[in-house]
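Line by line, the protein sequences are chains A and B.
Just so it is clear: in the first sequence, position 514 is 593 by the numbering used here, and no numbers are missing.
Just so it is clear: in the second sequence, position 95 is 831 by the numbering used here, and no numbers are missing.
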Amino acid sequence: MVSEDNVNGDSVSVEDDFDGDDYDYDDGGDYYDDDYGDAGDDDDDYGLVEDDDVDDPGAMVSRRPKLGYTVLQEADIKQRQEDDISKVSTVLSLSQVEATILLRHYNWNVNEVHDEWFSDEERVRKSVGLLERPVVDVSDASEFTCGICFDLLPCDNFASASCGHPFCRECWQGYICTSINDGPGCLLLRCPEPSCKAAVGPDMIDKLAPCEEKEKYSQFLLRSYIEDNREAKWCPAPGCENAINFAVGGGDFDVTCLCSYRFCWNCTVEAHRPVDCETVTKWMLKNSVDGENVNWILHNSKTCPKCKRPIEKNQGCMHMTCTPPCSYEFCWLCLRAWSSHGLATGGFYSCNVYEAEMQKGNVDAEMRREMAKNSFEKYTHYYERWASNQSSREKALEDLNRMERENMEKLCNVQCTTMSQLKCITEAWLQIVECRRVLKWTYAYGYYLPEHEKTKTQFFEYLQGEAEAGLERLHRCAEKELDKYVTADGPSSDFDDFRTKLTGLTSVTKTYFENLVRALENGLEDVNSTACNKTVSPRSPASPRSPTGRNGKGRGSRGKESPRAGGSPKNVGNTSK
Amino acid sequence: MQASRARLFKEYKEVQREKTADPDIQLVCDDSNIFKWTALIKGPSETPYEGGVFQLAFAVPEQYPLQPPQVRFLTKIFHPNVHFKTGEICLDILKNAWSPAWTLQSVCRAIIALMAHPEPDSPLNCDSGNLLRSGDMRGFQSMARMYTRLAAMPKKG
C-alpha cells in the first residue's frame with residue numbers, strides 16, 4: 080500500500096498491518112530499537128510487521144485492508160513539492176512558476192492538473208489566471224501612470240504580471256505585502272487591475288517583496304502543500320513540524336510520527352484504538368464541555384464543513400465564504416454547499432433543509448438533552464479513570480525517558496551487564512505507555528456501552544479488569560522492583576531472574592491487551608459464541624517467569640496459531656543476547 | 737499614511753477637475769479631514785430608487801488604497817444588500833474582492849450598479865431579499881419606492 084515514491088529521500092515508510100491479531104505494541108518499541116541500533120535504514124525495519132495475517136483466516140483480516148502512510152519531514156515535503164512541480168512543468172511544457180500556480184489551484188493533485196489541462200486547456204488557463212500573452216502592450220511607452228498611486232513614472236519603475244498591466248514597484252510591494260500579511264490567501268493573488276484575472280506567482284513575490292514577506296510566502300507555499308492536500312496532514316504534537324502522508328482508503332487511521340507521537344489520522348486526536356473516532360469526539364466534547372472556551376466555541380461558532388476550522392458568524396447573510404485558501408461557500412443554517420441552495424430548498428434564509436433537520440431533532444440539542452439525562456456519577460466514574468490513566472501514561476513516558484537518560488547506564492555499571500541485556504526494560508516501559516493509552520480509551524468506550532447489554536458489559540469489564548490487573552503488576556515491577564537493582568552496591572544475584580520476570584510480565588500484559596483490543600474492535604460480538612473460551616484463557620497464562628507465556632493461552636484458546644510467532648521470540652531473543 | 741494621503745489628494749484633484757463628468761455622483765471631501773468623504777448619488781433610472789438622492793459616508797483607512805474604504809448609506813434605503821438600520825453595504829469589492837486600483841469614484845459607480853441589480857441571494861435586509869426571491873416584484877418595488885420617497889426625496893411643501 081505504500082506507494083513507490085515513499086522510498087525516496089529520508090522519508091520513512093511505515094507499513095502497518097492493522098488486522099486484529101497484530102495489534103502490535105512493539106510498534107513503538109521497534110521504532111526505538113531502530114533508533115538506537117541501526118538508525119539509517121528504517122525503511123527496511125518497518126517491514127518486519129508484515130509477516131502476519133497469513134495464519135489468521137479470521138473475518139477481521141478481510142475487513143481491514145493494509146494501509147500505508149509516510150512521515151514527511153520538512154526536507155521531504157520540499158522535495159515532494161519540487162518533484163510534483165517539475166513533473167507538471169515537464170508534462171505540460173510550462174515554467175516552474177506556472178506549474179506551481181497550477182498545482183496550488185488544484186490542491187497539489189498532479190493527476191487532476193493533468194486531467195483538467197488536457198481536457199480543456201483554455202478553460203484551465205482562464206480560471207487559474209495563466210495568460211499566454213499580455214493583454215496590454217506597453218513596450219513602446221517611456222513612462223506610465225501607476226494604476227494604484229496615480230504617479231507618472233519612468234517605465235523602468237514598473238513591473239507587471241503576465242497580463243502586462245503596469246504598476247509601480249512600490250505599489251506592487253504594498254499590494255503583495257498586504258496580501259501576504261493577510262494569510263495564505265496570498266497564494267491565490269491576482270493582478271490588482273479589477274477586471275484582470277492574471278495570477279501573481281512566486282516569481283513576482285521573489286522580485287518585489289521584502290525578505291520577511293518572501294520568507295512568509297515560502298512558508299505558506301510549503302504549508303499549503305500539506306494543508307490543501309487531501310492525503311496529508313500535520314502531526315498535531317506541539318512543536319512537531321512533520322507531516323503524515325496517508326493513502327486514503329478507509330479502515331484504520333492510527334499513525335506514528337517520527338516524533339513518536341501516535342495519533343488518529345482521521346480525527347487528529349491522539350491514537351485511540353480500539354475506540355472509534357465518533358466515540359472519542361463525543362467523549363472529548365463531554366470532557367471539555369465545562370471549559371469556558373469550548374463552550375463559547377460550541378455556542379457561537381460552527382466549523383467549516385470543508386476545512387473544519389471553527390467559524391464565528393458576526394455579520395451579514397447566511398451565505399458564508401470560508402477564508403482562503405479553503406474559500407468554501409456554504410449555508411450557515413444547514414452547513415451544506417451554497418450551490419445546492421435555491422428555490423428548491425425553500426430560499427436562502429429560511430432554509431428548508433435546516434427546518435426539516437430541526438424537526439427530526441437537531442444534533443446539538445439532542446446532545447445537550449442527553450447530557451442532562453446521563454447521571455453525573457456515571458460520568459465521573461469513567462472520567463476519573465480515563466484521566467488517571469492519561470496522567471499515568473504521561474508519568475510513564477517521563478520515567479521511560481529518565482530511565483534512558485540516567486538509570487540505564489548506572490544499571491549497566493552496577494549490575495555489570497550490557498545495554499542490550501537491558502532492552503527488556505525499555506520494552507517493558509514502552510508496553511506500559513501503550514497499555515495506559517489503550518486502557519484510557521477503554522473507559523471512554525465503557526461509558527458509551529449501552530447499559531441494557533448486560534452480557535457485553537460484563538464481558539467488557541472482565542477483559543478490562545484482567546488487562547488492568549496485568550498492567551498494574553507490570554507497572555509495579557518496572558517501577559518499584561527495578562529501583563532496588565539500580566541502587567544496589569554491586570551485581571545482584573537475582574538480577575537475571577528479575578529480567579526474566581519483567582520480560583514475562585511484559586508479554587503477558589501484551590496478550591491481555593491484545594485480547595481486549597480485539598474484543599472491542601469486534602464490538603464484543605463474540606460474546607455469545609466464544610465467551611466461555613475467552614474467560615478461561617486470560618486466567619491461565621504461564622507464570623510470569625516463563626517467557627513463553629505470551630505464546631500460549633491467550634491466543635491458543637481461540638484455536639489459532641499465533642500469527643506473531645515470528646515476532647514473539649524476537650522479544651525474548653533480544654533480552655537474552 | 738503618506739501614500740494614502742497622496743493618493744487621496746490625487747483623487748481629490750481629479751474630482752475637482754471632472755466635477756461634471758459623472759452627473760450621478762457628487763463626491764465631497766471633509767473640509768478638515770481627507771480621510772472622511774461623503775457622496776451624493778442619484779438613484780438609477782428605471783428602478784424604485786429613481787428620483788432619490790442617497791448620501792454615502794466614506795471612512796478611508798490609513799492603509800488605503802491597499803485596504804478598502806468603509807462605506808455606508810446615511811440615507812435610509814430598502815435594498816436586499818443594505819442593512820436597513822446601519823446602512824452597511826454587502827458588496828464584494830468592499831470586502832474580499834477589493835483591489836487597490838479602485839477609487840472612491842469607482843466605488844460609487846459600483847454601488848449605483850448594485851442599486852440597479854440587487855443580489856437577493858446574499859442579503860443583509862432579509863425582508864427585502866425575500867420579496868425579491870419569492871418573485872413579488874410589485875411588493876418589493878412599492879416598498880423600495882416608498883422609502884425612496886420618504887427618505888431620499890426633498891419634502892414637498
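From the three backbone atoms N, C-alpha and C, an ideal C-beta is built for every residue, glycine too.
Judged by their CB atoms, A/VAL150 and A/LEU337 are nearer to each other than the 8 Å cut-off. Relative to A/GLU292, the option among A/GLU306, A/ASP162, A/GLY262 and A/ALA278 whose CA is nearest is A/GLY262. A/PHE237 carries a strand assignment under DSSP once its states are collapsed to helix, strand and coil. Under the criterion of beta carbons closer than 8 Å, B/LEU860 and B/VAL818 qualify as touching, at roughly 6 Å. Cβ atoms of B/TRP773 and B/ASP767 stay farther apart than 8 Å, at about 11 Å.
Using a Cβ distance threshold of 8 Å, A/TRP520 and A/ALA475 do not count as a contacting pair. Looking at the DSSP output, A/TRP313 shares a beta bridge with A/ALA322. Taken atom to atom, the span from the alpha-carbon of B/ILE847 to that of A/CYS290 is near 38 Å. Cβ atoms of A/CYS383 and A/CYS356 stay farther apart than 8 Å, at about 18 Å. Counting of Cβ neighbours within 10 angstroms places A/SER165 among the exposed residues, the total staying below 16. Residues of the stretch 789-816 of chain B with a Cβ closer than 8 Å to any Cβ of chain A, in chain order: GLN799, PRO801, LEU802 and GLN803. The C-beta of B/SER835 comes closer than 8 Å to at least one C-beta of chain A.
Per the coordinates, the alpha-carbon of A/GLU477 lies some 14 Å from the alpha-carbon of A/TYR340. In this structure, the beta-carbon distance from B/ILE770 to B/ARG741 falls below 8 Å. The shortest C-alpha to C-alpha distance from A/GLN494 to any of A/GLU593, A/ASP575 and A/HIS554 is the one to A/ASP575. Residue environment: A/ARG309 is assigned as exposed (fewer than 16 neighbouring CB atoms within 10 Å of its CB, all protein chains considered).
Per DSSP, A/HIS244 lies in no beta strand (DSSP E) segment and is marked neither H nor E. Between B/HIS815 and B/SER864, the gap from beta carbon to beta carbon is short of 8 Å. From the listed residues A/LYS489, A/ARG484, A/ARG515 and A/ARG159, the smallest Cα separation to A/TYR304 is found for A/ARG159.
Here A/ASP333 is bridged, per DSSP, to A/CYS343. Taking a cut-off of 8 Å for Cβ pairs, the stretch 862-878 of chain B and the stretch 831-838 of chain B do not touch, as fewer than three such pairs fall below it. In the same chain as A/ILE180, and ignoring 5 residues on each side of it, the C-beta atoms closer than 7 Å to its own belong to VAL207, LEU209, ALA278 and GLY280, in chain order.
Taking CB atoms only, A/PHE229 has a neighbour in chain B less than 8 Å away. Per DSSP, the beta-bridge partners of A/LYS381 are A/ILE390. Taking a cut-off of 8 Å for Cβ pairs, the stretch 786-805 of chain B and the stretch 883-892 of chain B touch, as three or more such pairs fall below it. Secondary structure remark: continuous alpha helix (DSSP H) runs of at least 4 residues inside the stretch 538-569 of chain A, in chain order: 561-565. In chain order, CYS228, PHE229 and ASP230 make up the part of chain A whose C-beta sits under 9 Å from the C-beta of B/ALA742. Considering only B/GLU798, B/GLU855 and B/GLN738, the residue with the shortest C-alpha distance to B/GLN806 is B/GLU798.
Apart from sequence neighbours up to five positions away, the residues of its chain that approach A/PRO245 with a beta-carbon distance below 6 Å are VAL217, PHE223, PHE237 and SER239, ordered along the chain. Taking each of A/SER172, A/THR590 and A/SER221 in turn and checking the Cα distance to A/ILE511, the smallest one comes out for A/THR590. Here A/PRO315 has PHE342 and THR347 as same chain residues with Cβ atoms under 7 Å from its own Cβ, once five neighbours each way along the sequence are excluded. Distance check between B/LYS749 and each of B/MET879, B/LEU763, B/ALA739 and B/PRO759 places B/LEU763 closest, using alpha-carbon atoms only. Contact of B/ALA757 with chain A by beta-carbon distance below 7 Å is absent, the smallest such distance being about 16 Å. Between A/TYR296 and chain B, the shortest Cβ-Cβ separation is not below 8 Å.
For the stretch 263-286 of chain A, residues whose beta-carbon sits nearer than 7 Å to a beta-carbon of chain B comprise PRO271, GLU272 and PRO273. When the alpha-carbon of B/THR884 is set against those of B/PRO784, B/VAL751, B/PHE745 and B/ARG845, the nearest one is in B/PRO784.
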